[in-house]
Amino acid sequence: MRGVHRLYVIYLTVILLGVAYVTLLGLMGR
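Quick look at the structure:
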């Protein structure tokens with residue numbers, strides 16, 4: 003379960019980084 007937990011944390015981190023990246027592109031676009 004520890005490995006699954008680690009993958010889950012990495013998955014959430016990637017999603018947060020992706021959302022932040024898209025948000026920055028949206029702000030710069032405007």
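Numbering follows our numbering, with no gaps: position 19 of the sequence shown is 21. Glycine included, C-beta positions come from ideal geometry on N, C-alpha and C.
Which of helix, strand or coil does DSSP assign to residue i?
i: Arg118; result: The structure shown does not extend to residue 118, since the chain is modelled only from 3 to 32, so the question has no answer here.
Suppose the cutoff is 6 angstroms on Cβ atoms and the five residues either side in sequence are ignored; what does the same chain contact list for residue i look like?
i: His48; result: Residue 48 cannot be examined here, being either before or after the span of the chain that is shown, 3 to 32.
With hydrogens ignored, establish whether the beta-carbon of residue i is closer than 6 angstroms to any heavy atom of the ligand FMN.
i: Leu26; result: The ligand FMN is not part of this structure, which contains no ligands at all.
Leaving out five residues on either side along the sequence, give the residues of the same chain with a beta carbon under 8 angstroms from the beta carbon of residue i.
i: Tyr23; result: none
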